[in-house]
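There are 2 protein chains.
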Amino acid sequence: MHRTKVRIVEDALDANNTIARANRSDFDRHAVAVVNLMSAPGAGKTTLLERIAAEPPPAVRLGVLEGDVQGSLDADRLAAFHVPVTQLNTDAGFGGECHLDANMVRSALGSLPLEEIDLLVIENVGNLVCPAEFRVGEDARAMVCSVTEGEDKPLKYPLMFRACELVVVNKVDLLEHLEFDLDRFLYYLDQVHPGVKHMLVSARTGEGVGAFRDWLAGVAHRERVAA
Amino acid sequence: MHRTKVRIVEDALDANNTIARANRSDFDRHAVAVVNLMSAPGAGKTTLLERIAAEPPPAVRLGVLEGDVQGSLDADRLAAFHVPVTQLNTDAGFGGECHLDANMVRSALGSLPLEEIDLLVIENVGNLVCPAEFRVGEDARAMVCSVTEGEDKPLKYPLMFRACELVVVNKVDLLEHLEFDLDRFLYYLDQVHPGVKHMLVSARTGEGVGAFRDWLAGVAHRERVAA
Chain A
5 MHRTKVRIVE DALDANNTIA RANRSDFDRH AVAVVNLMSA PGAGKTTLLE RIAAEPPPAV
65 RLGVLEGDVQ GSLDADRLAA FHVPVTQLNT DAGFGGECHL DANMVRSALG SLPLEEIDLL
125 VIENVGNLVC PAEFRVGEDA RAMVCSVTEG EDKPLKYPLM FRACELVVVN KVDLLEHLEF
185 DLDRFLYYLD QVHPGVKHML VSARTGEGVG AFRDWLAGVA HRERVAA
Chain B
5 MHRTKVRIVE DALDANNTIA RANRSDFDRH AVAVVNLMSA PGAGKTTLLE RIAAEPPPAV
65 RLGVLEGDVQ GSLDADRLAA FHVPVTQLNT DAGFGGECHL DANMVRSALG SLPLEEIDLL
125 VIENVGNLVC PAEFRVGEDA RAMVCSVTEG EDKPLKYPLM FRACELVVVN KVDLLEHLEF
185 DLDRFLYYLD QVHPGVKHML VSARTGEGVG AFRDWLAGVA HRERVAA
């Protein structure tokens, strides 16, 4: 029974990857770079994106695809910045999926203004487990980890920290009020994903957000060169 | 295809509930009260349990079942308090399950010292979506929500907030450093789960932990009266 379950899971991931590749080639055809942004609930993805929406990378037209179990709170926050935002809810027919998969993103393709954007940020459902397992057609994956979550998170959710090429360490403005040991966090991070790029950010104060903006510009530039 | 998926999910939840009832009846036979404790990653479940392990409710023998994708960091922290702790990892054969289900808890029954405890706290995997969908044989469900996660969480993860009979609002020692609007959080909470019990706690400073201890004592007492 256990083996059967593993087989089903492997088949599901294979099917997902096939659809993810189709998404990727549609994005490429429109020369749209795509970032899959992941985190635990409340780590600050939307606040970070508000900063980017207020001041996008130079010459990069930004769009956002918002993944949520229910509601459109985050999409409403971002739409206030006059950035095209598309909402994707995962709660159809069930308690709610805990992640986006390639098929869900595919179902939203028709609603995305691909001709009018250069960079699409997909804000995934807040969860440190399953989103890391499902590619959606992105060029790059980044995660936001808040210092309020404790320094042990890379060890507890290794797949997520391994799946990303960038780890944004957020809420550093709170460091002075916490016992968070940053060196220990970075040591654990290096254990599970040696050499992964990271940056220290406070989406609230704006500290370090420029580095994230530059990183996004770099992903968009890669896509332009490849196209 | 969508309908087929819904059917598979419903069948899986039915099967889960059958096993959860078997777990519950085994726990009842040993007069062990069981609390399923859930939260997002890093909300402070383990720190709260360290407080309880250091000073359990009077005349209540505590045991803990630790659910993690990988590793035994939390179990090691709690074992230091000489409380019986059993580790359950969900990463067998796959990237890792994002929740505990009844069958996983069943597989751990043989390792639990049910004769020697009155109250078992099951620390679920850090996730605000799927754990709410899977009963494991518990008497009561509680969740920990950190004020660092923002006040919108009840609206974004309504099933989790509805599934619990207690919401522990943690890290209130940080309130003065945040823009968290407690009244708004409580208003949202009341919208998704009218009248649900909540308490304000700082696991770090110990503030409010007594109320959680009393609540645990009440769950254990209910079990004793029913047995």
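Heads up: the protein sequence lines correspond to chains A and B, in order.
Numbering-wise, the numbering used here comes out as the position in the first sequence, counting from 1, plus 4.
Numbering-wise, the numbering used here comes out as the position in the second sequence, counting from 1, plus 4.
All C-beta atoms in this analysis are idealised placements derived from N, C-alpha and C, irrespective of residue type, glycine included.
Per the DSSP secondary-structure output, Q91 (chain B) pairs in a beta bridge with B:E70.
Proximity of A44 (chain B) to chain A, defined by a Cβ-Cβ separation below 8 Å, is satisfied.
Here the alpha carbons of L104 (chain A) and A112 (chain A) stand approximately 11 Å from one another. By the neighbour-count criterion, in which a residue is buried when 16 or more other Cβ atoms sit within 10 angstroms of its Cβ, K157 (chain B) is buried.
Residue pairing by DSSP leaves M164 (chain B) without any beta bridge partner. Assignment of beta strand (DSSP E) within the stretch 157-229 of chain A, counting only whole runs of 3 or more residues, yields 170-174, 201-204 in chain order.
In summary, V133 (chain A) is buried, with 16 or more beta-carbon neighbours lying within 10 Å of its beta-carbon over all protein chains present.
At a cut-off of 8 Å between beta carbons, P162 (chain B) contacts chain A. Residue pairing by DSSP places C149 (chain B) opposite B:V173 in a beta bridge.
Residue contact check for H181 (chain A) against chain B: a CB pair falls below 8 Å.
For M42 (chain B), the pairing in a beta bridge is given by DSSP as B:M147.
The contact set of Q74 (chain A) on chain B, defined by CB atoms closer than 9 Å, consists of L159, K160, Y161, P162, L163 in chain order. CA-to-CA, the gap between M108 (chain B) and V172 (chain A) works out to about 33 Å. Between A37 (chain B) and A224 (chain B), the CB-CB gap stays under 8 Å. Just so you know, the alpha carbons of Y191 (chain B) and L92 (chain A) end up roughly 25 Å apart. In this structure, DSSP gives A84 (chain A) a state outside helix and strand, which the three-state scheme calls coil. Below the 8 Å Cβ cutoff, chain B contributes V73, G99, G100, E101, C102, V129, N131 as neighbours of V133 (chain A), in chain order. None of the residues of the stretch 17-41 of chain B has a beta carbon lying less than 7 Å from any beta carbon of chain A.
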